[in-house]
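Participant: The working numbering applies: residue 92 is where the sequence shown begins, and numbers increase by one.
Note that beta-carbon positions come from the ideal geometry of N, C-alpha and C, so glycine has one too.
Structure below; questions to follow.
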Amino acid sequence: MIALPTPRLWGYSGLVAILLLAGLVLARPELVAMAAPLALWVMVGAAVIQRPRMAGTVLLETTRASEGEPVSVQVELSSTVTTSLLEVALALPTEIEGEDRSDSQRLQVRAGERAGLTMKIRPLRWGVYQLPPPTVLAQDPLSLFQFRGTVGESLRLRVYPSWERLRKLVPPARTQVNAGNRIARQHGEGLEFADIRPFVPGDRVRRVNWRVTARSGQPHVNDFHLERNADVILFIDNFTEISGGRDSVLSLAVRAASALSQGYLHERDRVGVIGFGGLLRWLTPGMGPQHLYRVADALLDTEVVTSYAWRAIDVIPPRVLPPAATVIALTPLLDPRSVGALADLAHRGFDLVVLEISPEGLLGSALASVDPVALRLWGLLRQARRNHLSRAGIAVIQWLPREPLEVALARAREYRRFAPAATA
92 MIALPTPRLW GYSGLVAILL LAGLVLARPE LVAMAAPLAL WVMVGAAVIQ
142 RPRMAGTVLL ETTRASEGEP VSVQVELSST VTTSLLEVAL ALPTEIEGED
192 RSDSQRLQVR AGERAGLTMK IRPLRWGVYQ LPPPTVLAQD PLSLFQFRGT
242 VGESLRLRVY PSWERLRKLV PPARTQVNAG NRIARQHGEG LEFADIRPFV
292 PGDRVRRVNW RVTARSGQPH VNDFHLERNA DVILFIDNFT EISGGRDSVL
342 SLAVRAASAL SQGYLHERDR VGVIGFGGLL RWLTPGMGPQ HLYRVADALL
392 DTEVVTSYAW RAIDVIPPRV LPPAATVIAL TPLLDPRSVG ALADLAHRGF
442 DLVVLEISPE GLLGSALASV DPVALRLWGL LRQARRNHLS RAGIAVIQWL
492 PREPLEVALA RAREYRRFAP AATA
């Protein structure tokens with residue numbers, strides 16, 4: 092541990108120097124006598140100083156947590172010297188706060204014994220955090236020296252975004268061949284009634300519609316819709332970032348993607364993730380409870396990387412975009428590269444829904460200082476991009492930051508019911 096002088100040592104040393112200098116200049120021996128006890132105190136403290144050797148371990152209650160969920164940090168210490176006042180402090184990032192707004196605690200450690208304490212931290216925002224080793228501060232019995240050091244190793248904490256529970260989703264337009272909860276257009280074995288048709292060899296007797304058979308004189312059977320799943324791709328635009336307070340475009344997009352992935356996986360659909368920006372990231376579609384954690388980890392790695400290179404949809408591997416997949420895009424429509432990629436997806440026949448995260452709701456009062464002409468041009472540019480996507484038959488739904496996601500999804504479902512045909 093590093094030994095550092097305390098303010099008391101600096102004060103005593105300065106006072107001794109002043110008294111000695113004044114005694115010599117003024118020829119007043121009583122001033123020198125007044126400095127003697129203080130000088131003796133400093134000399135004794137420097138002579139009997141014992142530098143403690145600290146050892147300890149630091150453990151997290153869990154390495155995975157959700158936003159707002161308290162996490163316990165357990166610290167165990169041992170020392171070669173008895174310390175009556177030992178302070179343990181955590182260097183926390185701004186996105187994590189300590190219990191009661193404090194990131195330090197105090198305890199007493201006896202020589203040769205182990206002492207422990209538990210500190211509570213609360214993550215405020217999703218992300219991957221590398222917590223440095225705790226800093227240990229101790230003082231000698233005379234409070235003349237302070238000893239500073241670290242114990243344990245750095246800790247890694249993954250904080251997952253909190254999501255809104257969605258009662259109803261945007262139904263995919265097309266289904267796949269695997270079994271699921273979606274009603275397919277194809278007929279076969281299922282529970283949802285589809286039609287009545289004449290009996291053919293191989294049909295099961297239990298499917299015979301006896302009422303229609305008796306009326307027509309020919310055997311008829313009931314047909315049912317197959318129950319299939321769908322492929323859903325969450326497209327996150329991370330070319331640009333706009334923040335306002337604790338929320339930002341990327342933060343809202345990740346929270347919405349978490350809620351959507353949980354909802355679609357609950358419906359036994361396959362879910363994939365594409366982070367389209369300066370750095371391309373993807374997760375191939377999958378299903379099941381384990382895949383939900385893969386999606387969450389992929390969303391944690393989403394970040395904005397500045398790049399001026401043109402990027403088209405061709406850079407995405409084909410296996411990440413299965414045929415007949417439904418793509419739900421979360422974008423502020425601020426970068427022409429993402430707008431061009433979405434239009435390209437629509438022209439290739441993908442079922443596409445665009446949730447536009449409104450940047451105006453994040454900027455708020457900051458827009459008052461912007462030139463009205465520039466603000467109007469900015470709004471017209473974004474409206475032109477909306478119109479460009481709408482002409483391609485894409486549902487473009489504005490989502491305000493303080494609006495529940497379910498409201499935007501309801502507007503998307505309503506739009507798809509009465510959507511106009513795509514135009515060139």
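#1: Based on the DSSP output, what are the partners of Trp-373 in its beta bridges?
#2: For the alpha helix (DSSP H) holding Asp-435, just list the boundary residues, first then last.
#3: Please look up how many angstroms separate the CB atoms of Leu-151 and Leu-246, rounded, as I've assumed it's under 8 Å.
#4: Does the distance from the CB of Arg-361 to the CB of Gly-377 come in under 9 Å?
#5: Grab me the residues of Gly-379's own chain with a C-beta within less than 8 Å of its C-beta, minus the 5 sequence neighbours each way, in chain order.
#6: Since Trp-490 sits in a beta bridge, which residues does DSSP pair it with?
#7: Going by C-alpha to C-alpha distance, which of Ala-156, Leu-282, Val-200 sits closest to Val-166?
#8: From Val-149 to Arg-205, what does the alpha carbon distance come to, in whole angstroms?
#9: Does the beta-carbon distance from Phe-315 to Ala-285 come in below 9 Å?
#10: Given that a residue counts as buried once 16 or more other Cβ atoms are within 10 Å of its Cβ, and exposed if not, what is Ser-334?
#11: Would you grab the beta carbon distance between Leu-282 and Glu-318 for me? Rounded to a whole angstrom, and I think it's under 8 Å.
#12: Name the one or two DSSP bridge partners that Met-145 has.
#13: Inspect the beta-carbon positions of Glu-186 and Arg-216 and report whether they are closer than 9 Å.
#14: For Tyr-103, does the count of other Cβ atoms within 10 angstroms reach 16, so buried, or fall short, so exposed?
#15: Once DSSP output is grouped into helix, strand and coil, what is the label at Gly-470?
#16: According to DSSP, is Leu-257 part of a helix, a strand, or is it coil?
#17: With distances taken from CA atoms, which of Asp-322, Pro-492, Glu-497, Leu-168 is nearest Gly-363?
#18: Where does Met-522 land, buried or exposed, given buried means 16+ other C-beta within 10 angstroms?
#19: Would you mind working out which of Asn-300, Ile-485, Leu-208, Leu-110 sits nearest Gly-147, comparing C-alpha positions?
#20: DSSP three-state label for Ala-512, please.
#21: Given 8 Å as the limit, is there contact between the region 298–317 and the region 409–427, that is, 3 or more CB pairs closer than that?
#22: With a cut-off of 8 Å, do at least 3 Cβ pairs link the region 431–441 to the region 404–415?
#23: Please list the terminal residues of the continuous beta strand (DSSP E) segment that includes Pro-224.
#24: Out of Ala-305, Ile-365, Ser-253, point me to the one whose CA is closest to Asn-329's CA.
#25: Do the CB positions of Pro-96 and Leu-235 come within less than 9 Å of each other?
#26: What's the call for Ala-512, buried or exposed, on a 16-neighbour Cβ count within 10 Å?
#27: Tell me, to the nearest whole angstrom, how far the beta carbon of Asp-435 is from that of Ile-404; I am working on the premise that it is less than 8 Å.
#28: Identify which residue in Asp-294, Pro-289, Val-464, Arg-295 has its Cα closest to the Cα of Gln-309.
#29: Taking DSSP's pairing of strands, which residues face Gly-218 in a bridge?
#30: May I ask you to report which of helix, strand or coil DSSP gives Gln-381?
#31: Starting from Ser-342, trace the alpha helix (DSSP H) in both directions and tell me its first and last residue.
#32: Use the C-beta contact count for Tyr-251: other C-beta atoms within 10 angstroms, 16 or more gives buried, fewer gives exposed.
Facilitator: According to the data block:
#1: Counting from one through the sequence shown, the residue named residue 373 turns up at place 282. In the DSSP output, where bridge partners are listed per residue, Trp-373 has Ile-365.
#2: As a working note, residue 435 is residue 344 in the sequence shown. Membership of Asp-435 in the alpha helix (DSSP H) is indicated by the continuous run 427–438.
#3: Sequence index remark: in the sequence shown, residue 151 carries index 60 (1-based). Sequence index remark: in the sequence shown, residue 246 carries index 155 (1-based). With a Cβ gap of about 5 Å, Leu-151 and Leu-246 count as contacting.
#4: Here residue 361 refers to the residue found at position 270 when the sequence shown is read from its first residue. Here residue 377 refers to the residue found at position 286 when the sequence shown is read from its first residue. Result yes, Cβ atoms of Arg-361 and Gly-377 sit closer than 9 Å.
#5: Taking the sequence shown and counting its residues from 1, the one referred to as residue 379 is at position 288. Taken in chain order, the residues that qualify are Leu-356.
#6: If you number the sequence shown from 1, residue 490 lands on position 399. In the DSSP output, where bridge partners are listed per residue, Trp-490 has Ile-448.
#7: The residue you call residue 166 lines up with position 75 of the sequence shown. Ranking Ala-156, Leu-282, Val-200 by Cα distance to Val-166 puts Val-200 first.
#8: As a position in the sequence shown, residue 149 is number 58, starting the count at 1. As a position in the sequence shown, residue 205 is number 114, starting the count at 1. Distance between the alpha carbons of Val-149 and Arg-205: 13 Å.
#9: Residue 315 sits at position 224 when you count from the first residue of the sequence shown. Residue 285 sits at position 194 when you count from the first residue of the sequence shown. By the CB criterion at 9 Å, Phe-315 and Ala-285 fall inside the cutoff.
#10: By 1-based counting over the sequence shown, the position of residue 334 is 243. Exposed: under 16 other Cβ atoms inside 10 Å.
#11: One-based indexing of the sequence shown puts residue 282 at position 191. One-based indexing of the sequence shown puts residue 318 at position 227. That pair is a contact at about 7 Å.
#12: On the sequence shown, residue 145 is found 54 positions in, with the first residue counted as 1. DSSP lists Ser-170 as partners of Met-145.
#13: Residue mapping note: residue 186 aligns to position 95 of the sequence shown, counting from 1. Residue mapping note: residue 216 aligns to position 125 of the sequence shown, counting from 1. Result yes, Cβ atoms of Glu-186 and Arg-216 sit closer than 9 Å.
#14: Sequence index remark: in the sequence shown, residue 103 carries index 12 (1-based). Counting Cβ neighbours within 10 Å, Tyr-103 comes out buried, since at least 16 surround it.
#15: What you label residue 470 is simply residue 379 of the sequence shown in a count that begins at 1. Three-state DSSP puts Gly-470 in a helix.
#16: If you number the sequence shown from 1, residue 257 lands on position 166. Correct three-state label for Leu-257: coil.
#17: Your numbering for residue 363 matches position 272 in the sequence shown. Its Cα nearest to that of Gly-363, the residue Asp-322 stands out among Asp-322, Pro-492, Glu-497, Leu-168.
#18: Since the first and last residues shown for the chain are 92 and 515, residue 522 lies out of range.
#19: Reading the sequence shown from its first residue, position 56 is the one you call residue 147. Per the Cα distances, Leu-208.
#20: Here residue 512 refers to the residue found at position 421 when the sequence shown is read from its first residue. Model confidence at Ala-512 stands at a pLDDT of 46, short of 50, so the residue's coordinates are unreliable and nothing is read from them.
#21: Contact between the region 298–317 and the region 409–427 is absent, because fewer than three Cβ pairs lie under 8 Å.
#22: With a cut-off of 8 Å, the region 404–415 and the region 431–441 count as touching, because enough Cβ pairs lie within range.
#23: For the purposes of this step, residue 224 is identified with residue 133 of the sequence shown, where counting begins at 1. Secondary structure note for Pro-224: it is in no beta strand (DSSP E), with a DSSP letter that is neither H nor E.
#24: Looking up residue 329 in the sequence shown gives position 238. For Asn-329, the nearest C-alpha among the options comes from Ile-365.
#25: For the purposes of this step, residue 96 is identified with residue 5 of the sequence shown, where counting begins at 1. For the purposes of this step, residue 235 is identified with residue 144 of the sequence shown, where counting begins at 1. Contact: yes.
#26: Taking the first residue of the sequence shown as position 1, residue 512 is located at position 421. Here the model assigns Ala-512 a pLDDT of 46, short of 50, so the residue's position is not dependable and the matter cannot be decided.
#27: By one-based count along the sequence shown, residue 435 stands at place 344. By one-based count along the sequence shown, residue 404 stands at place 313. A Cβ-Cβ distance of about 5 Å is found for the pair Asp-435 and Ile-404, placing them in contact under the 8 Å criterion.
#28: If you number the sequence shown from 1, residue 309 lands on position 218. Of all alpha-carbon atoms in Asp-294, Pro-289, Val-464, Arg-295, the one lying nearest the alpha-carbon of Gln-309 is that of Pro-289.
#29: On the sequence shown, residue 218 is found 127 positions in, with the first residue counted as 1. Per DSSP, the beta bridge partners of Gly-218 are Val-250.
#30: For the purposes of this step, residue 381 is taken as the residue at position 290 of the sequence shown. Gln-381 falls in the helix class under three-state DSSP.
#31: On the sequence shown, residue 342 is found 251 positions in, with the first residue counted as 1. It spans 340–357 - the alpha helix (DSSP H) in which Ser-342 sits, taken as one unbroken run.
#32: In the sequence shown, residue 251 corresponds to position 160, counting from 1. Buried.
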